[in-house]
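Here the structure is laid out as structure tokens; the discussion comes afterwards.
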Amino acid sequence: MSDIEINSVLTENRLFEPSAEFAAKARIKPEDYQALKKKADEDYEGFWAEQAKQLMDWHTPFTRTLDDSNAPYFKWFTDGSMNVSYNCIDRHLAENANKTAIIFEGEAGDTRHISYQQLHDEVCQFANALKAKGIKKGDRVVIYMPMVPEAVIAMQACARIGAIHSVVFGGFSADSLRDRIDDARAVMLITADGGTRGGKVVELKEAADKALSSGCDSIENVIVLKRSGHDIAMQDGRDSWWSDAVAGQDTTCEPEWVNAEDPLFLLYTSGSTGKPKGIQHSSAGYLLNAITTNLWVFDLQDDDIFWCTADVGWITGHTYVAYGPLATGTTIVMYEGGPMTPDAGRFWKMVEDHKVSVFYTAPTAIRALMKFGDEYPNKYDLSSIRLLGTVGEPINPEAWMWYHTVIGKERCPIVDTWWQTETGANVLTPLPGVTATKPGSCTLPLPGMDVDIVNEDGESITEANTGGYLVIKKPWPSMLRTIWGDDERYVDTYYPKFGGKYYLAGDSARRDEDGYFWIMGRIDDVLNVSGHRLGTMEVESALVANDAVVEAAVVGRPHEVKGESIVAFVICQGERPVGEDAEKMVTELRNWVGDQIGAIAKPDDIRFADGLPKTRSGKIMRRLLRTIAAGEEITSDTSTLENEAVVAQLQGKA
Ligand code: WTA
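Be aware that the sequence shown starts at 10, since it is given in the working numbering, and climbs by one per residue.
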């Protein structure tokens, strides 16, 4: 773990209070916030027990709230049973069967409205189809789909029968898919003939076939949704079309009443080794915080139309698309295509067309759209929007101000939500009717979240603007339960310091004079490219798996739109490639990494040298590589390096 780098501290003096109009209608008003905080401070378990009773429907009510007898393997509501899909769908049917659950738009402009009743019927039919193929409680099912309603239906159907889903982002390659299937020992794969993005077909089935032919011996069945309609191969006995699988299936399916702690899903995410971690979430605890945050942070009310632009392949697409907003009976928007198709006005056109009232996206998308100027948003009527959110990385104040003025017309609060795949739901965030916001700060912990910044010894840092480790001191309901199949790595990764007492988030942060949190960056070798986590080791392992490569080191470089971009320093077999050879090798290696991991992992810049800068003890000087990657002047002394000459090569000077 590298030590904490203190960024230059900019003081932000602009403060944006929620408008009186917003605050008056908000679910959580200042007095509610104070009451929640007081309750959580005074009676932590009682606080969560009360929320869990109020906000969820239980089959068997729980009597025990937190079980910390085997810390840090915390458990919640252990003697209760419930069903996530029942909580997301069935309980709305008595009063809201005809309310729209999902408004879907494809890239070509095709739309579909699905009511809660229809969602119920389709989820049940698909759940019955899964059962007919032998899927039972606890089985792992991998979902590799485009952003279409069937992706949510598949997730909800798994939840309904107690199967554990693992959604793999459609942009990941065949090899990444195979590794995730193998790690989870999944018995079924649900995919589509293809998706559409940026006018191109995403060849999901082709990638799936490639994955299945190179491993995945646990897979017994593949269900394929017809979406793109182009020709694909189907394997007899293994593959069946979605439409055939659901044909004749009943539109009711009794939910499997699972234990609160039974896993709902796995979601693989990057860490500081080459191997992604299967983050394991529970059923009840996860759903509880999905609900509390959708209500408190997104202030979801009866007539809201909530559009979270995240793909279901990421945690944001789980908590703020597939589960949380449905559990609160909200209408959501799902969009299959790219934000630039046909032009940079697509999001804003969709806001107008579907009267989106709550809009949640990533800073990288805001920066990318901002570059096209105000003319695109100004073409559309954005007056339906009342609340904006961001997630995935720190938002720079300039992008925040653009979002605030050009999209929110200075009327709408912005919730900058800090959280992680592991936390399951928002942790640090403004409450839109309560918290005054500052551009670039995720402000304060939610009620019930005991977040702190500590030094190397685990002591709370009280001085303003002093960086430290971001930790969460008490367990919370939606925290990860473990890393699938690797309990030891769970402890080593999240509870390695401070006597194993605090959850270590892996981010560094500081607090300003008002106690507001500012995220400074990762403390491990994890990159944040366009809001997506990627381990430097993952990219390095992919590079060295190429026969031409002997050694590789990967670092991040600040990028205007993506936040960070990937720079790879590569040592090849034989002579260092130069000129045309180097260009060819760059193309080959970029495509190679794309095949190994996915297009998001392709390095933006690849440089060749005869060696990597190492200390005499053989340690790669990553900080020096970051300086070189950023094109900054090297101020540290490089004469102690084992091989000083390579520095000039890596800088492109020799
Ligand atoms: C970063 C995404 C600053 C952070 C939900 C975290 C953020 C990692 C923010 C988790 C934010 C997420 N401000 N940084 N509002 N939100 N991050 O697991 O480094 O894909 O640890 O979850 O993204 O990424 P993950």
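All residues carry an ideal CB built from backbone N, CA and C; glycine is no exception. Since the model is a prediction, treat every value here as computed from it, not as a measurement.
Item to check | Backbone CA spacing between residue 295 and residue 619 [nearest angstrom] | outcome: 49 Å
Checklist entry - Any heavy atom of the ligand WTA closer than 7 Å to the Cβ of residue 515? => result yes
Checklist entry - If we ignore side chains and look at the alpha-carbon of each, how far apart do residue 148 and residue 174 end up? => result 8 Å
Next on the checklist: Measuring straight from C-alpha to C-alpha, what distance separates residue 24 and residue 467?
Outcome noted: 31 Å
Item to check | Bridge partner(s) assigned by DSSP for residue 542 | outcome: 537
Checklist entry - Beta carbon of residue 559, beta carbon of residue 580: below 8 Å? => result yes
Checklist entry - So, are the CB atoms of residue 453 and residue 525 less than 8 Å apart? => result yes
Item to check | Beta-carbon proximity check, residue 106 vs residue 124, cutoff 8 Å | outcome: yes
Checklist entry - Which residue comes first and which comes last in the beta strand (DSSP E) that contains residue 362? => result From DSSP, residue 362 is part of no beta strand (DSSP E) but of the alpha helix (DSSP H) over 355–363.
Next on the checklist: Would residue 528 and residue 343 be called neighbours here (beta carbons separated by less than 8 Å)?
Outcome noted: no
Item to check | Simplified DSSP state of residue 461, which is helix, strand or coil | outcome: strand
Checklist entry - Given residue 568, which residues of its chain have a CB within under 6 Å of its CB, disregarding the five upstream and five downstream residues? => result 574
Next on the checklist: Tell me the rounded alpha-carbon separation between residue 557 and residue 583.
Outcome noted: 9 Å
Item to check | Distance, residue 354 Cα to residue 211 Cα | outcome: 22 Å
Checklist entry - Between residue 146 and the rest of its own chain, which residues show a CB-CB distance below 8 Å, the 5 nearest in sequence each way excluded? => result 170, 171, 172, 265, 267, 271
Checklist entry - What does DSSP give as the partner residues of residue 224 in its beta bridges? => result Looking at the DSSP assignment, residue 224 forms no beta bridge with any residue, so it has no partner.
Item to check | Where residue 42 falls: helix, strand or coil (DSSP) | outcome: helix
Next on the checklist: Taking only three categories from DSSP, how would you classify residue 113?
Outcome noted: strand
Checklist entry - When the cut-off is 8 Å and only beta carbons count, does residue 344 lie next to chain C? => result Among the chains of the structure shown, chain C does not appear; only one protein chain is present.
Checklist entry - Per the contact definition of three or more C-beta pairs closer than 8 Å, is the segment 272–291 in contact with the segment 411–428? => result no
Next on the checklist: Pull the bridge partners of residue 3 from the DSSP assignment, please.
Outcome noted: Nothing in the structure corresponds to residue 3, since the chain is present only between 10 and 663.
Checklist entry - Quick one: is residue 79 buried, meaning 16 or more other Cβ sit within 10 Å of its Cβ, or exposed? => result exposed
Checklist entry - Alpha carbon to alpha carbon, what distance is there between residue 230 and residue 37? => result 46 Å
Checklist entry - Quick one: what does DSSP say residue 430 is sitting in, helix, strand or coil? => result coil
Item to check | Distance between residue 404 and residue 1 (C-alpha atoms, nearest Å) | outcome: The structure shown does not extend to residue 1, since the chain is modelled only from 10 to 663, so the question has no answer here.
Checklist entry - Along the chain, which unbroken stretches of the beta strand (DSSP E) at least 3 residues long are found entirely within the segment 471–539? => result 477–481, 512–520, 526–531, 535–538
Checklist entry - residue 169 lies in the alpha helix (DSSP H); which residues open and close that run? => result 158–170
Checklist entry - If you run the structure through DSSP and keep just helix, strand and coil, what is residue 641? => result coil
Checklist entry - Does at least one heavy atom of the ligand WTA sit under 7 Å from the Cβ of residue 429? => result yes
Next on the checklist: Per DSSP, what are the beta-bridge partners of residue 614 in this structure?
Outcome noted: 576
Next on the checklist: Is any non-hydrogen atom of the ligand WTA found closer than 7 Å to the C-beta of residue 474, if you look at the structure I gave you?
Outcome noted: no
Checklist entry - Which value, in whole angstroms, describes the spacing of the CA atoms of residue 183 and residue 292? => result 29 Å
Next on the checklist: What residue range does the beta strand (DSSP E) around residue 94 cover?
Outcome noted: Per DSSP, residue 94 belongs to no beta strand (DSSP E); it is in the alpha helix (DSSP H), 93–97.
Next on the checklist: Can you tell me where the beta strand (DSSP E) holding residue 153 begins and where it ends?
Outcome noted: 149–153
Item to check | Which residues DSSP lists as bridging residue 344, in chain order | outcome: 114
Checklist entry - Which residue from 330, 401, 391, 366 puts its Cα closest to that of residue 358? => result 391
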